[in-house]
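Written below as structure tokens is the structure these notes are about.
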Amino acid sequence: MTTREHATVARATDEGAHGGGEHEARPLRLYISADMEGVAGVVHQNETVAGNREYEAARALMVAEVNTVVEAALSCGATEIIVSDGHATQRNIPPQALHEAATLVRGRPRPLGQMAGLTSDIDALLLVGYHARKGVGRAVLDHTMWTRTVERVVINGREVGEIGLNAALAGAYGVPMIFVAGDRAAADEAGALVEHCVTVSVKEGLGRTAAKCMHPKRARALIASGVRAAIERRASVAPFTFSAPLESTLTFTNSAMADVAEFMPSAQRIDGKSVLLRADDYITLWGALRAATLLATTALGG
Numbered sequence: 036m037t038t039r040e041h042a043t044v045a046r047a048t049d050e051g052a053h054g055g056g057e058h059e060a061r062p063l064r065l066y067i068s069a070d071m072e073g074v075a076g077v078v079h080q081n082e083t084v085a086g087n088r089e090y091e092a093a094r095a096l097m098v099a100e101v102n103t104v105v106e107a108a109l110s111c112g113a114t115e116i117i118v119s120d121g122h123a124t125q126r127n128i129p130p131q132a133l134h135e136a137a138t139l140v141r142g143r144p145r146p147l148g149q150m151a152g153l154t155s156d157i158d159a160l161l162l163v164g165y166h167a168r169k170g171v172g173r174a175v176l177d178h179t180m181w182t183r184t185v186e187r188v189v190i191n192g193r194e195v196g197e198i199g200l201n202a203a204l205a206g207a208y209g210v211p212m213i214f215v216a217g218d219r220a221a222a223d224e225a226g227a228l229v230e231h232c233v234t235v236s237v238k239e240g241l242g243r244t245a246a247k248c249m250h251p252k253r254a255r256a257l258i259a260s261g262v263r264a265a266i267e268r269r270a271s272v273a274p275f276t277f278s279a280p281l282e283s284t285l286t287f288t289n290s291a292m293a294d295v296a297e298f299m300p301s302a303q304r305i306d307g308k309s310v311l312l313r314a315d316d317y318i319t320l321w322g323a324l325r326a327a328t329l330l331a332t333t334a335l336g337g
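Sequential numbering from 36 applies to the sequence shown in the numbering used here.
Pasting the structure below:
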């Protein structure tokens, strides 16, 4: 965490100590979406793929960060916590390893992807282990949705990655994204996207598969402080939304993928690698993005 982040957390904690009382009398329902590429110490794709020798160590680090978020949330009075295993197979968090106070969403395919189980009853969204969108420099394991398939996603003129896609999905339900932990690039991306969102950087990218990493224990301590600060100041964070009508340009890594995605009745081919999608609401647009991307995976190697 940088000096700026320390100041943000300290200020938020102070504000909460003097103004958080209004939240104590009502239930506090939180949704935690967990990814792996942004976890402290993780720098290479071999660490993030089940079956590889290094995966189990990275998996344990992921679980430890998730449990840290859960414990910090409980210390702030959370009454319901949903944890979404949002990485790859979405079966990375062993149920018995998760804090028993949390409910685990795991496995795929499932509605809303990394945000499965989210409803308008949730008070706030927290992301842990997240990464920057594809193409950002000095970003550890940067990608958007699927590394081998998606080149970029632009919605209403704004390029977004998984942080932005999920923040907007939460926003469609009226839920604010209040906390993001990941590498420096992910923290910067989240901070630029949502005003007053508390961010914690657990490593600084030196390249796509190299980073200056703080010790995982230190990272978890900063995550805990950040979560507490984010919960205390959550009233200052507005849900992130895109204004209708919605228009998204989805660019793939090769033209064969766009060939396949173009089969969707709602997709308009606009260049060799891109399709245009339109919708009146974000949930519909997100579904179209998801469907087009899944179709495109059938052209891998094409």
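Note that CB positions come from ideal geometry on N, CA and C, so glycine has one too.
Source: prediction; values computed, not measured.
Check	Outcome
Contact under 7 Å by Cβ, Val295 with Ala216	no
Ordered list of beta strand (DSSP E) runs contained in the region 111-190, each at least 3 residues	115-120, 137-140, 159-165 and 185-190
Minimum C-alpha distance to His178 - residue among Arg193, Ile198, Ala291 and Val237	Ile198
Alpha-carbon spacing of Val44 relative to Ser260, whole angstroms	Any reading at Val44 must be qualified, since the residue scores a pLDDT of 45, below 50, and its modelled position is unreliable; the value itself is stated next. Approximately 7 Å between the Cα atoms of the pair.
Beta strand (DSSP E) segment containing Ala314, residue limits	Ser309 to Ala314
Boundaries of the alpha helix (DSSP H) in which Ser283 is found, first to last residue	No alpha helix (DSSP H) contains Ser283, which is instead part of the beta strand (DSSP E) from Leu281 to Phe287.
Coil, strand or helix - Asp306 by DSSP	strand
Exposure of Gly172, with buried meaning 16 or more beta-carbon neighbours within 10 Å	exposed
DSSP three-state assignment for Ser68, whether helix, strand or coil	strand
Residue nearest to Thr114 in terms of C-alpha spacing, selected from Tyr66, Asn289 and Met212	Tyr66
The region 196-213 contacting the region 96-115, beta-carbon criterion three pairs below 8 Å	no
Residues of its chain near His122, where Cβ-Cβ distance is below 8 Å and the 5 sequence neighbours each way are ignored	Ala69, Asp70, Met71, Glu72, Thr83, Met97 and Gly164
Where Glu197 sits in the DSSP three-state scheme	helix
Through-space distance from Ala246 to Ala227, alpha-carbon basis	22 Å
Status (buried if at least 16 other CB within 10 Å, exposed otherwise) for Asn127	buried
Cβ shell of Val310 (< 7 Å), same chain only, five flanking positions each side left out	Leu285, Ala293, Ala296, Glu297, Ala302, Gln303, Arg304 and Ala327
Beta-carbon proximity list for Ala205, same chain, < 6 Å, skipping 5 on both sides	Leu160 and Met212
Boundaries of the beta strand (DSSP E) in which Leu241 is found, first to last residue	Val233 to Gly242
Option nearest Met299 by Cα separation, candidates Leu320, Glu267, Val189 and Thr288	Leu320
Status (buried if at least 16 other CB within 10 Å, exposed otherwise) for His250	exposed
Close Cβ partners of Arg313 (< 6 Å) along its chain, the five nearest in sequence each way excluded	Glu282
The beta strand (DSSP E) enclosing Ala245, as first and last residue numbers	Ala245 to Cys248
Reduced DSSP category for Val217 - H, G, I as helix; E, B as strand; rest coil	The sequence shown places Gly at residue 217, rather than the Val named in the question. Note: Gly217 maps to strand in three-state DSSP.
Inter-residue Cα distance where the pair is Arg193 and Arg243	23 Å
CA-to-CA distance, Val210 to His58, given in whole angstroms	Note that His58 has pLDDT 43, beneath the 50 cutoff, so the model's placement of it is unreliable and the number below is only indicative. The straight-line gap from Cα to Cα measures roughly 16 Å.
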